[in-house]
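To convert, count from 1 in the sequence shown and add 7; that's the numbering used here.
Note that CB positions come from ideal geometry on N, CA and C, so glycine has one too.
Bear in mind the structure is a predicted one, so any value in this text is a computation, not a measurement.
Below is one structure, written out as structure tokens, with a few remarks after it.
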Amino acid sequence: MQNHHHTVKFHELEAVKNKGLSKEPSLDDNLIVHGDNLVALKALLPTYAGKVKCIYIDPPYNTGNEHWVYNDNVSSPMIQQWLGKEVAREDLSRHDKWCSMMYPRLTLLRELLQDDGVIFISIDDTEVHNLRAMLDEIFGEKNFIATICWQKRYSTSNDTVDLSTTHDFILAYAKERKFDERGKARPILNRMERTAENNKMYKNPDNDPRGLWRPDNYLCNKSADERPNLYYPVVHPKTGEEIWPKKTAVWRYSKEKHGQNVKDNRVWWGLNGTNKVPAYKRFLSDVGGVLPSTWWTFEDAGHNDEAKKELAIIFHEQEDLFDTPKPVRLIKRLVQLATDDEERFIVLDSFAGSGTTAHAVLDLNIEDSGERRFILVECEDYADKLTAERVRRVSKGVKGAKDEKLKKGLGGTFSYYELGKPIDIDKMLEGDDLPSYANLAHYAFFTATGETFDPKKMKEKEFYIGSSSTYEVFMLYAPDAAQLREMALNLDFAEQIEKKFSGKAKLVFAPACFLEEFDLRDRNIRFAQLPFEIYRLAE
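Have a look at this one:
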């Protein structure tokens, strides 16, 4: 299964104009894609490889109650027997099927992440051990961030045998963690915004003009043997007595830093100056956001019932759309950890379900004036009537909503796409089902260069499809068999592009070439024959 994603053909993405909210569909817009998520993720690679900042997915938990079907058409005879069959609780191979379904999708999701991107995955006890093992293999153990434990219920359930499960897990991994010279991981997540509850420990008993502060420990957990430079006496300002730290817990600050702390009035001996050990005055103005813990209560991140009520408000005419939907607050919290409002960060959800991720992104953008974008992929038939419809409704406004933002409408647009035909090289040779110029340009550019394709740079009339770090890339092609038979890289075209693009090497895709190898070499042109030579080029 490690290489199954390589066997999946690139597919065209076909815009369905009347199902989106944009005047003109665009792959640069918010996106909702209907189709198998493995195929859809592969189709998104040419445009979005290395560009997604945050991924959240809520895959089937494989509890035996979800009625999911394994449909990846792998050539293995054993796996062929799984196709189209529901994976039930009594299925002895259900864990194998689940891992086989997840592995290629996780691999493609990693390719879509930018280097400082983060993936969050909801899961429960059924598959958390298998998921952790796969993520360690695909992302690397060093890129594990944490396992978040989310309190999904506010009360226990009486329909369980021994212990009532009130939590889900959310596994968090980075694509590529950075480490300092000591091997300590650098922060990759944002801190949470401070609340009144977080700030209540900050006081100002001495009326310091710098404002609220709290006393912080002046001792650390190192011994005198470990840190001899931190084992020294400090003078008590009231008694003049020398105060030594414990040999098992020395001062947190060096002698020089302590002297600076005294000058800055940051050493606290109590309101009457009678404390036996000093504290450090840590000002509220000096601290940033709150470092979140791995225990997320329903008060902070919502619960399943809250999510059901959110759906009931939006789809008041329908009931019980999902058994265990995720609340907007949970997804917003994850997106806040991974993104900020300074860039057009992309948030992707390839198990989109009821569209909560898009709702959360739009809501957060209203909250902090951000410009985050979302990409949703949903394979089920409800992609239009539920997933996309939720986004339509929350964008335009929900009349019965108590939340004023939701009532007014969160704004935003999206383009709706269906998976189109596969780009099939064999059929191209026969002149059948020829892809459009833009779709083949996506495929050829990404496959050859390994870099994302920018459709805004493409100039079809000039046969120019973009610039990579190594090449200016051209493609002599038309989706017409008769025209293709007449197209070739000839001297006129070579001289034309040599004159216009004199610096960088040129890569030209074409059905034929009428130039000798020395002509190509002298003009710094590399020829790749369509359709045979669409593959990753060596630098």
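Whose C-alpha, out of F146, T172 and I152, is nearest the C-alpha of Q158?
Sequence index remark: in the sequence shown, residue 158 carries index 151 (1-based). Q158 has its Cα closest to that of T172, out of F146, T172 and I152.
Spatial neighbours of P66 within its chain, please: C-beta separation below 6 Å, excluding the five flanking residues on both sides.
Position 59 of the sequence shown holds residue 66. Answer for P66: F358, listed in chain order.
For the stretch 257-309, which segments carrying the alpha helix (DSSP H) assignment without a break, of at least 4 residues, lie completely within its bounds, in sequence order?
262-270 and 305-308
Would you call K283 buried or exposed, if buried means 16 or more other Cβ atoms sit within 10 Å of its Cβ?
As a working mapping, residue 283 is identified with position 276 in the sequence shown. Label assigned to K283: exposed.
According to DSSP, simplified to helix, strand and coil, what is R397?
One-based indexing of the sequence shown puts residue 397 at position 390. Helix at R397.
For C61, does the three-state DSSP call read helix, strand or coil?
The count along the sequence shown starts at 1 and reaches residue 61 at position 54. Strand at C61.
Helix or strand or just coil, what does DSSP make of I86?
To locate residue 86, count along the sequence shown from 1; it is residue 79. With a pLDDT of 48 at I86, under the threshold of 50, the modelled position of that residue is not reliable, and no figure is offered here.
Along the chain, where does the beta strand (DSSP E) containing L426 start, and where does it finish?
To locate residue 426, count along the sequence shown from 1; it is residue 419. Where L426 is concerned, the enclosing beta strand (DSSP E) stretches over S422 to P429.
Using DSSP with H/G/I as helix, E/B as strand and the rest coil, what is T163?
Taking the sequence shown and counting its residues from 1, the one referred to as residue 163 is at position 156. Three-state result, T163: coil.
Leaving out five residues on either side along the sequence, give the residues of the same chain with a beta carbon under 6 Å from the beta carbon of Y239.
If you number the sequence shown from 1, residue 239 lands on position 232. Result list for Y239: K262, in chain order.
Here's a check: name, in chain order, each residue in its chain whose Cβ is nearer than 7 Å to the Cβ of R217, leaving out the five neighbours to either side.
Numbered from 1 along the sequence shown, position 210 holds the residue referred to as residue 217. Hits under 7 Å: F290 and S292.
I need the DSSP call for Q536, collapsed to helix, strand or coil.
Taking the first residue of the sequence shown as position 1, residue 536 is located at position 529. Residue state, collapsed to three classes: strand.
Enumerate in chain order the residues of its own chain whose CB-to-CB distance from I128 is below 6 Å, with the five nearest sequence positions on each side excluded.
Here residue 128 refers to the residue found at position 121 when the sequence shown is read from its first residue. Excluding sequence positions up to five before and after I128, its CB lies within less than 6 Å of the CB of I64 and L178, all in the same chain and listed in chain order.
Is E263 near the ligand SAM, with its Cβ less than 8 Å from a heavy atom?
Among the components of this structure there are no ligands whatsoever, and the ligand SAM is therefore not found.
Measure the alpha-carbon distance for T301 versus A308 and round it to whole angstroms.
Reading the sequence shown from its first residue, position 294 is the one you call residue 301. Reading the sequence shown from its first residue, position 301 is the one you call residue 308. For T301 and A308, the distance between alpha carbons rounds to 12 Å.
Enumerate in chain order the residues of its own chain whose CB-to-CB distance from E21 is below 7 Å, with the five nearest sequence positions on each side excluded.
Against the sequence shown, residue 21 aligns to sequence position 14. So the qualifying residues of the chain are Y424, E425 and G427.
Where does M108 land, buried or exposed, given buried means 16+ other C-beta within 10 angstroms?
By 1-based counting over the sequence shown, the position of residue 108 is 101. M108 counts as buried, since at least 16 other C-beta atoms from the protein chains shown sit within 10 angstroms of its C-beta.
Identify, in the order they occur along the chain, each residue of the same chain with its Cβ nearer than 8 Å to the Cβ of K590, setting aside the five sequence neighbours on each side.
Because the chain in this structure spans residues 8 to 546, residue 590 falls outside the shown range and cannot be described.
Is it buried or exposed, R492, if we count other Cβ atoms within 10 angstroms and call 16 or more buried?
In the sequence shown, residue 492 corresponds to position 485, counting from 1. Flag for R492 reads exposed.
I need the DSSP call for I382, collapsed to helix, strand or coil.
Locating residue 382 in the sequence shown gives position 375, where the first residue counts as 1. DSSP places I382 in strand when its eight states are reduced to three.
Using only the alpha-carbon positions, how far apart do K264 and E118 sit?
For the purposes of this step, residue 264 is taken as residue 257 along the sequence shown, with counting starting at 1. For the purposes of this step, residue 118 is taken as residue 111 along the sequence shown, with counting starting at 1. Taking the straight line joining both Cα atoms gives about 46 Å.
Between I86 and the rest of its own chain, which residues show a CB-CB distance below 7 Å, the 5 nearest in sequence each way excluded?
Indexing the sequence shown from 1 puts residue 86 at position 79. Reliability of the predicted coordinates at I86 is poor, the pLDDT of 48 falling under 50, and no value is obtained from them.
Decide if P442 is buried, meaning its Cβ has at least 16 other Cβ atoms within 10 Å, or exposed.
Within the sequence shown, numbered from 1, the residue matching residue 442 stands at position 435. Buried, since its Cβ has 16 or more Cβ neighbours within 10 Å.
Using DSSP's beta-bridge definition, name the partner residues of Y55.
Here residue 55 corresponds to residue number 48 of the sequence shown, with the count starting at 1. Bridge pairing for Y55: absent [DSSP].
Take F352 and list the residues in its own chain whose beta-carbon comes closer than 6 Å to its own, dropping the five residues that flank it on each side.
Reading the sequence shown from its first residue, position 345 is the one you call residue 352. Contacts found: K60, T346 and R379.
Using only CA atoms, which one of F539, E134, P429 and D175 lies nearest to G42?
Your numbering for residue 42 matches position 35 in the sequence shown. Among F539, E134, P429 and D175, the Cα nearest to that of G42 belongs to P429.
Leaving aside the five residues before and after G404 along the sequence, list all residues of the same chain whose C-beta is less than 7 Å from its C-beta, in chain order.
For the purposes of this step, residue 404 is taken as the residue at position 397 of the sequence shown. So the list reads K414, K415 and G416, once near-sequence residues are dropped.
What does a CB cutoff of less than 6 Å around G57 pick up in its chain, not counting 5 residues either side in sequence?
Taking the first residue of the sequence shown as position 1, residue 57 is located at position 50. Closer than 6 Å at the Cβ level, and outside the excluded window around G57, lie Q121.
Would you mind stating whether L51 and G419 have Cβ atoms separated by less than 9 Å?
Position 44 of the sequence shown, counted from the start, is the residue given in the question as residue 51. Position 412 of the sequence shown, counted from the start, is the residue given in the question as residue 419. In this structure, the beta-carbon distance from L51 to G419 does not fall below 9 Å.
Do C156 and H174 come within 9 Å of each other at the CB atom, strictly closer than that value?
Along the sequence shown, one-based indexing puts residue 174 at 167. Along the sequence shown, one-based indexing puts residue 156 at 149. Yes, they are a contact pair.
Whose CA, out of R340, I338, E350 and E387, lies closest to the CA of G360?
Walking along the sequence shown from the start, residue 360 turns up at place 353. That would be E387, whose Cα lies nearest to the Cα of G360.
What are the boundary residues of the beta strand (DSSP E) that includes D223?
As a position in the sequence shown, residue 223 is number 216, starting the count at 1. Element bounds for D223: W220 to N224.
Please specify which runs of the alpha helix (DSSP H), each continuous and at least 4 residues long, are wholly inside the stretch 313-385, giving them in chain order.
335-345 and 363-375
Which residues bound the alpha helix (DSSP H) around C106?
Within the sequence shown, the letter at position 99 stands for residue 106. Taken as a continuous stretch (DSSP letters only), the alpha helix (DSSP H) holding C106 covers R101 to L119.
Can you give me the C-alpha to C-alpha distance between G473 and S422, rounded to a whole angstrom?
Translated into positions along the sequence shown, residue 473 becomes position 466. Translated into positions along the sequence shown, residue 422 becomes position 415. Cα-Cα distance, rounded: 23 Å.
Kindly indicate which residue of R399, A192, K464 and D131 has the alpha-carbon position closest to the one of D123.
Within the sequence shown, numbered from 1, the residue matching residue 123 stands at position 116. Selected option, being the one with the closest Cα: A192.
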